[in-house]
Structures are given as C-alpha cells and as structure tokens.
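A.B. asks: Just passing along the structure, written as structure tokens.
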Ligand SMILES: *Cc1c(COP(=O)(O)O)cnc(C)c1O
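Structural data, given as structure tokens:
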C-alpha cells in the first residue's frame, strides 16, 4: 500500500541526511552544537552578514515584508527598477529584469524564449535550472560534452533551424571551471544563434571588480548575449536578474511566466542586493577573495585539486562513502566542507567542494591546508 511515508522509499539513507546549521556567525556555522568554519557557502564576499547589507534589509523590512502580489499586478516598486538600471549600467547592457531566484529566472527565461521549433545547444554540465528550463520549453535540445566547443560547432552545423540558442553556465557550479564565453559568442555569430550565459558564480567574484566572466572578456552588452546573475551568492541576498537588450527585457516582462505568475521579491532582498552592489563596486571584498583564493591555491598545489581559478575548488574523491568520510573527518577538525555526490555530479566523481570567501581569515585557510596535508 502506498502512502506519503513510503513514496520516496527508494532514496538511499545518505541522501536524506541534511545538516542543520542552527546558527551563523559570519563565516562560521553551528552544526549539531559545534562551531565550524564554513568552506561550503556561496556567500563568496561575506556580504550576507555585512552590517551595511543587513541594515539596508532591516530598513526596508520595517515598512513592509511581503510584496503582496506579482510585479505585473501591484507588487512592482520603484526600488526594483532602480536596481535594474544600476545592474544594467554596471554590466553594460541596455536593460535588466529582476525575478525570483536563479532557478525561477532560468526556468522562465528559456520557457519564454524557446518552443518546440527552437533548437538549444547546451553544455552537459549546465546547472539544473537550465536543464529544466530546456525541458519546460519543449525545445529540441542538443547536449555537447563539457566545454567542447568543437562538438558544439558540429552540432550547430548539423541542426539548422530559424531559432537557435547556445546555453551555458559561465563559471560552472560543481567544477569551478569557466566556459570560453568569447568563443561561444563567436560561434553564436557564425551560426546566427543567441547565447545565454548563466554566470551565477562569476558575477561578484570574477574580474578585478567582480563584474564577472563576460565583462572580463569584454563581450557583455552584446545584442546576441543574454546573461543571468543571482543575488543569492556573492550578493549575499536572494533573487536573480536577467540582462539583455531593451526589446528582450520588455518581451520577458510580458511573457516570463515565472515572473508574471509569481509574487515579486520582498523589498528587503532588493535593498540588501542594492547595498551589496555598492560594496562589490568598491571591490574591497572582491580583492580579499582573490587574495584568499591565491593563498589557498598555493597551499594546495600538491594535493590534486581540480584545475580551477575561481572560488570553487573541488577535490575529486571518487566514491560516495569516501567523500562522506572525509567530510566527517573535516568536521571533526572544525571545518564544514560538503561532500557533493551523484546525481548532482557524474557517477564516480563524488567530491569535496571547497568554496573560498573573502571573510575567511588567512589563519583559517592555513589551518585547513595543514589538515588537508595530513589526510589527502
Ligand atoms: C545557484 C545557481 C542557480 C540558482 O540560483 P538560485 O538563486 O539559488 O535559485 C542558477 N544557475 C547557476 C549556475 C547556479 O549556480
């Protein structure tokens, strides 16, 4: 007999286990009563606990918490438009649309752009939100091997259609490596396609002032390029934004179902994100992140980490059990490092995914490296 208690019975025990971080204090979290230095957060700049960011959110909250309705009904607010303008200017695009989370942004964006006549060309390691957006759109999807632009070019040659879109992460979330965004744009031009780059992990972390991968490659603002960023990572807040031409963004305002049929983001999150943008532009935390990253990379050079120049530093371990055991051992020494296992990553590539933050101290990084020297 089926009821809701045995419906998910096939999910293995290890995947059901979740950590409860009961308290957060800057870069530390309390797990099961113990304080651990968190090396598994996407809060790359420490802005989620920055006093200015918290204060901005609090101030906005003192007037109103929930936005009450979709942006198209009565949930719109000048603050949203002001931040959209700032983001567009910062990244060099004509226009910007703020939506709910990155998941909602990608589901809605691809669904709005593509239908069953559209062909999508997608990197095999794209984030789940892009994969699901493609499914939701009903478009024909061609997946190319991770970063394999040669195979992508072949697929573009093979599958001719009026409307085609190349879709890729900027910085890849589980490997920390980067798409060759210039080459992707070149292919988009050559084969008359659009290009979507989701740089959720790159915006705020990549480039001297954190403007992200497409800005570093000087292609942001191109009319073939649509870019997605989020507030949930380096911005320390919650929500997401899409950047593109005026016409594109206006079209999305009318058509993107995950925005039209969903409650607008709470203003506290917008105020926090706006405050975070100001801090990112001053680049103090961004340079600290880069210093921490260089220090970590130098110290772990001999330990067999994956090649990554970004704040995501994975160490492939192989088996699920081994990854979990190492994660537990690290916790025993005061470090929280999540074991990432299939299906989030391919079979036999279970890994420890370290993420660096501007708020780690050099001492915390050194202590971690010392311990890693012993166990890796
Ligand atoms: C985290 C992430 C998302 C989802 O963003 P949320 O705001 O957390 O929903 C989308 N795309 C990529 C590449 C991500 O890493």
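Numbering (the numbering used here), first residue to last: 4 to 379.
Backbone N, C-alpha and C fix where the C-beta goes; we use that ideal spot for every residue, glycine too.
Between the C-alpha atoms of residue 19 and residue 35, what's the straight-line distance to the nearest angstrom?
C.D. replies: Reliability fails at residue 19, whose pLDDT of 45 lies under 50, so the model's placement of it is uncertain and the value that follows must be treated cautiously. Approximately 16 Å, taken between the alpha carbons.
A.B. asks: Does DSSP put residue 316 in a helix, in a strand, or in coil?
C.D. replies: In the structure shown, residue 316 sits in a strand (DSSP, three-state: E or B).
A.B. asks: Looking at C-alpha atoms only, which residue of 76, 11 and 202 is the closest neighbour of residue 130?
C.D. replies: It is 202 whose Cα lies nearest to the Cα of residue 130.
A.B. asks: Return the chain-ordered ranges of every beta strand (DSSP E) run that is complete within the stretch 250-338 and spans a minimum of 3 residues.
C.D. replies: Complete beta strand (DSSP E) runs here, min 3: 315-321.
A.B. asks: Tell me which residue opens and which closes the alpha helix (DSSP H) that residue 153 is part of.
C.D. replies: From DSSP, the alpha helix (DSSP H) with residue 153 extends over 152-161.
A.B. asks: Quick check: the Cα distance between residue 111 and residue 138, rounded to an integer number of angstroms?
C.D. replies: Using only the alpha carbons, I get a separation of about 11 Å.
A.B. asks: Compute every distance between the C-beta of residue 133 and the non-hydrogen atoms of ligand 1, then say whether any falls below 8 Å.
C.D. replies: Because some heavy atom of ligand 1 lies under 8 Å away, the Cβ of residue 133 counts as near it: yes.
A.B. asks: For the alpha helix (DSSP H) that residue 243 lies in, which residues bound it at each end?
C.D. replies: Run containing residue 243: none in the alpha helix (DSSP H); it sits in the beta strand (DSSP E), 243-247.
A.B. asks: Using a Cβ-Cβ cut-off of 9 Å, state whether residue 5 counts as contacting chain C.
C.D. replies: Looking at the structure shown, chain C is missing, and only one protein chain is on hand.
A.B. asks: Report all residues from its chain with a CB closer than 6 Å to the CB of residue 119; omit the five preceding and five following residues, and keep chain order.
C.D. replies: Closer than 6 Å at the Cβ level, and outside the excluded window around residue 119, lie 141.
A.B. asks: Give the secondary structure of residue 174 by DSSP, where H, G and I count as helix, E and B as strand, and everything else as coil.
C.D. replies: Here residue 174 sits in strand by DSSP.
A.B. asks: Got a sec? Which residues, its chain only, sit under 7 Å from residue 226 by beta carbon, not counting five neighbours each side?
C.D. replies: 248.
A.B. asks: Would you kindly report the start and end of the unbroken alpha helix (DSSP H) that includes residue 118?
C.D. replies: Counting along the chain, residue 118 falls outside any alpha helix (DSSP H), and DSSP gives it neither H nor E.
A.B. asks: Using 9 Å as the threshold, is the C-beta distance between residue 115 and residue 8 below it?
C.D. replies: Cβ atoms of residue 115 and residue 8: not closer than 9 Å.
A.B. asks: Are residue 267 and residue 55 closer than 9 Å when you measure CB to CB?
C.D. replies: Not in contact: residue 267 and residue 55 (Cβ atoms no closer than 9 Å).
A.B. asks: Going along the chain, which residues of its own chain have a beta-carbon closer than 7 Å to the beta-carbon of residue 326, five neighbours each way excluded?
C.D. replies: Correct list, in chain order: 320, 342, 344, 353, 354 and 355.
A.B. asks: If we count the other Cβ atoms within 10 Å of its Cβ and call it buried at 16 or more, is residue 359 buried or exposed?
C.D. replies: Residue 359 comes out buried.
A.B. asks: What do you reckon, is the C-beta of residue 236 under 8 Å from a heavy atom of ligand 1?
C.D. replies: Yes, ligand 1 has a heavy atom inside 8 Å of this Cβ.
A.B. asks: For the alpha helix (DSSP H) holding residue 192, just list the boundary residues, first then last.
C.D. replies: Per DSSP, residue 192 belongs to the alpha helix (DSSP H) from 184-193.
A.B. asks: Tell me whether residue 105, by its Cβ, gets closer than 8 Å to a heavy atom of ligand 1.
C.D. replies: Answer for residue 105: yes, Cβ within range of ligand 1.
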